[in-house]
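Numbering (the working numbering), first residue to last: 48 to 226.
Glycine is no exception: its CB is placed at the ideal position from the N, C-alpha and C atoms.
Here is the structure we will look at.
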Ligand code: IMP
Ligand code: MG
């Protein structure tokens, strides 16, 4: 698998430091509260599971899944929720956990859906932010690191369903997706 990677963008060590920093911040910001951290399947599952172990405080987790009509590189504006929450989030403090924010369409839809469920607060935490690609305006509360406009895989991110289990985030060699 490593042979398919052009360069490592966010190393295992950097990811560890990011998770530690975000975990501390979330712990302080939610002191005395029990937030529900909602991982967006499947990509954010790796990040969520490491991040929550950096938070020394009470919390719950849940998951949602979305689909969007796109070609694997571009997500369209039409986002559908394909797996909804198990928990009742009325009056609760929610942190949406994403692997990467690109156009922002996925998150915009999720924020709408969650606000309609009468949560007390909805914040966003993403490992990676491809800010220059944004098509809709979103306030992101916790950002691991900003990244350039390159196609990334690893640490939850996939290409054709693969590479999620790489322990770092890397840039795929162009020949892999040009073939
Ligand atoms: P958005 O709706 O355009 O913000 O898309 C966000 C979703 O697109 C992420 O949750 C990823 O699943 C996917 N995505 C965006 N950029 C990349 C990338 O570089 N590699 C792999 N998946 C990506
Ligand atoms: Mg995703």
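- Residue side-chain check: residue 153 places its Cβ nearer than 8 Å to a non-hydrogen atom of the ligand IMP.
- Taking the Cβ atoms as the reference, residue 126 lies roughly 19 Å from residue 166, outside the contact range of under 8 Å.
- The C-alpha of residue 208 lies about 17 Å from the C-alpha of residue 222.
- Distance check between residue 79 and each of 106, 199 and 174 places 106 closest, using alpha-carbon atoms only.
- Distance from the CA atom of residue 164 to the CA atom of residue 53, rounded to whole angstroms, is 43 Å.
- Restricted to the stretch 90 to 141, the alpha helix (DSSP H) segments that are unbroken, complete and at least 4 residues in length are 92 to 98, listed in chain order.
- In this structure, 169 is the residue among 202, 169, 201 and 192 with its C-alpha nearest to the C-alpha of residue 186.
- Taken from the Cβ of residue 220, every heavy atom of the ligand IMP lies 8 Å or farther away.
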